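The next block holds one structure in the form of structure tokens; read it before the comments.
Numbering (the working numbering), first residue to last: 4 to 203.
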């Protein structure tokens, strides 16, 4: 873990870990497509469950809702609109006093990282990173398992940018997202051992 003393890792008796952040924190769960972001969020924050005030944003959940209406339309046609709607919702939710947020993002798009950092600072929200560091071939297998595979060229871009992000996060989390206070880098196995993301 790389941190500024804001995040703490708690060890529980069953060997799982709790990641604890401030009550008003923004936590960005990052990783290349197929790394396991949605899987982790689904386990920690099941759809339809009471999350105790934690607001969870996952583009896959929004996509699933849109698919009910647009399922017959090729995804490539409405993907840009989906991304626009997703980030609009995230930015709108980033407000003082709104409670903690957990946001799903690949983190390989510099403009998105800058936008999230800018909005967090404007709203006075402490921001933190959890980076799922998964090899490209493992992530590709995860894509096949979920039934949606990222285009080869796009995936190559994600994989090329990711190692530098992880290395820079180890030096300064603020490089990845401006103003970020901490970065927790997890392997797939370590992510599987996270019991909860706790805000207090």
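Even for Gly, the Cβ is constructed at its ideal location relative to N, Cα and C. Source: prediction; values computed, not measured.
Taking a C-beta distance under 9 Å as the contact criterion, residue 33 and residue 133 qualify as a contact pair.
Of the residues 122, 148, 191, 36, the one whose Cα lies closest to the Cα of residue 94 is 122.
About 6 Å separates the Cβ atoms of residue 110 and residue 116, confirming a contact at the 8 Å cut-off. Within the stretch 128–181, the complete alpha helix (DSSP H) segments at least 4 residues long are 139–149, 155–174, 176–179, listed from N- to C-terminus. Counting only the Cα atoms, residue 75 lies some 40 Å from residue 100. CA-to-CA, the gap between residue 189 and residue 119 works out to about 21 Å. Excluding residues up to 5 positions away in sequence, 183 lie with their Cβ nearer than 7 Å to the Cβ of residue 177 in the same chain.
Note that the stretch 145–164 touches the stretch 35–50; at least 3 beta-carbon pairs, one per stretch, sit closer than 8 Å. In terms of Cβ geometry, residue 44 and residue 69 do not form a close pair [threshold 9 Å]. By the neighbour-count criterion, in which 16 or more other beta carbons inside 10 Å mark a residue as buried, residue 143 falls on the buried side. Ranked by Cα distance from residue 124, the options 140, 97, 60, 114 are led by 97.
Within the same chain, and ignoring the five residues on either side of residue 89 in sequence, the residues whose Cβ sits closer than 8 Å to its Cβ are 60, 62, 65.
Beta bridge pairing from DSSP links residue 89 with no other residue.
When beta bridges are read from the DSSP output, residue 24 appears opposite 202. Residue burial is scored here from C-beta neighbours: residue 145 has at least 16 other C-beta atoms within 10 angstroms and is therefore classed as buried.
Nearest to residue 185 by C-alpha distance, out of 191, 193, 171, 47, is 171. In the DSSP annotation of this structure, residue 115 is not part of any beta strand (DSSP E); the continuous alpha helix (DSSP H) holding it starts and ends at 113–126.
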